[in-house]
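> Per the UniProt record's numbering, residue 1 is the first one in the sequence shown, and the count goes up by one each step.
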Amino acid sequence: MRDITLLSIFDHRITQKYVKRSGMAHAIAAAYHAFNLSKEYKVNPDLATKAAFLHDIGHYTWYKDGKWDYELYKQNDIHAIKGAERAHKLLIRLGEHPKKAKKIALAILLHTDSYLPDGEISLDPLQKVVALADEMDEEPSGNHHYRQIDDERARRLIARLDHMIDNHLNNQKASS
Numbered sequence: 001m002r003d004i005t006l007l008s009i010f011d012h013r014i015t016q017k018y019v020k021r022s023g024m025a026h027a028i029a030a031a032y033h034a035f036n037l038s039k040e041y042k043v044n045p046d047l048a049t050k051a052a053f054l055h056d057i058g059h060y061t062w063y064k065d066g067k068w069d070y071e072l073y074k075q076n077d078i079h080a081i082k083g084a085e086r087a088h089k090l091l092i093r094l095g096e097h098p099k100k101a102k103k104i105a106l107a108i109l110l111h112t113d114s115y116l117p118d119g120e121i122s123l124d125p126l127q128k129v130v131a132l133a134d135e136m137d138e139e140p141s142g143n144h145h146y147r148q149i150d151d152e153r154a155r156r157l158i159a160r161l162d163h164m165i166d167n168h169l170n171n172q173k174a175s176s
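(1) Taking the continuous alpha helix (DSSP H) assigned at threonine 15, which residues delimit it?
(2) When the distance is taken between beta carbons, is alanine 80 closer than 8 Å to phenylalanine 53?
(3) The alpha helix (DSSP H) spanning tyrosine 73 covers which residue range?
(4) Using a threshold of 8 Å, state whether the C-beta atoms of leucine 123 and leucine 110 are closer than that.
(5) Using CA atoms only, rank isn't needed, just tell me which of Leu72, Lys39 and Pro140 is closest to valine 130.
(6) CA-CA distance, alanine 31 and alanine 87?
(7) Looking only at its own chain, which residues have a Cβ that is under 6 Å from the Cβ of isoleucine 57, when we skip the five neighbours before and after it?
(8) For methionine 24, which residues of its own chain have a beta-carbon under 7 Å away from its beta-carbon, when the five flanking residues on both sides are left out?
(9) So, using beta-carbon positions, are tyrosine 60 and glycine 142 closer together than 8 Å?
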């Protein structure tokens, strides 16, 4: 059973502010990729889609002389750290189970290694799904953050994904 839906996350003012700023079209695309990958990696699609949808909620815009500076962003980025904290707080506020909120936050924290010193990190399957979902939608120089989507279409896509998750979870439950 799901505690909260993607639509309830989408509708929250914090999501509207921060996910829109980091790219709503990218967030939705990553969530769809996560749903599909969740089957292959045998992870809970509810957790995977929520983490992928919120994975960039911690983005800060790095500007120099009034223009987006991708290199400045790459040098100073800690969006995964900020995003994990922001997403966790939002999920708890909306009524997500604390254990699920923690798993989602950790997947957001580990979706990129851009803030980590050189080295290897071992990801669990959920964390791997979120990282892969993000990579699948990336464009050079961060252009995936600038694709546009209108609110009505975004809301329809999120509602459709909620329906797909519910169907998948119901089918799993029926077959076990």
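Yeah, the Cβ is synthetic: ideal placement off N, Cα and C, and Gly gets one too.
On the basis of the supplied data:
(1) For the purposes of this step, residue 15 is identified with residue 15 of the sequence shown, where counting begins at 1. Element bounds for threonine 15: 13-22.
(2) Here the question's residue 53 lines up with position 53 in the sequence shown. Here the question's residue 80 lines up with position 80 in the sequence shown. Cβ distance not < 8 Å, so phenylalanine 53 and alanine 80 don't count as in contact.
(3) In the sequence shown, residue 73 corresponds to position 73, counting from 1. Run containing tyrosine 73: 70-76, per the alpha helix (DSSP H) assignment.
(4) By 1-based counting over the sequence shown, the position of residue 123 is 123. By 1-based counting over the sequence shown, the position of residue 110 is 110. Result yes, Cβ atoms of leucine 123 and leucine 110 sit closer than 8 Å.
(5) Counting from one through the sequence shown, the residue named residue 130 turns up at place 130. The residue with the shortest Cα to Cα distance from valine 130 is Lys39.
(6) Here residue 31 is taken as the residue at index 31 of the sequence shown, counted from 1. Here residue 87 is taken as the residue at index 87 of the sequence shown, counted from 1. So the alpha carbons of these two residues sit roughly 15 Å apart.
(7) For the purposes of this step, residue 57 is identified with residue 57 of the sequence shown, where counting begins at 1. Within its own chain, the residues whose Cβ lies closer than 6 Å to the Cβ of isoleucine 57, once the five positions on either side in sequence are excluded, are Tyr18, Val19, Gly83, Arg86 and Ala87, listed in chain order.
(8) For this step, residue 24 is matched to residue 24 along the sequence shown. Excluding positions up to five away in sequence, the list reads Ile149 and Ala154.
(9) As a working mapping, residue 60 is identified with position 60 in the sequence shown. As a working mapping, residue 142 is identified with position 142 in the sequence shown. Judged by their CB atoms, tyrosine 60 and glycine 142 are not nearer to each other than the 8 Å cut-off.
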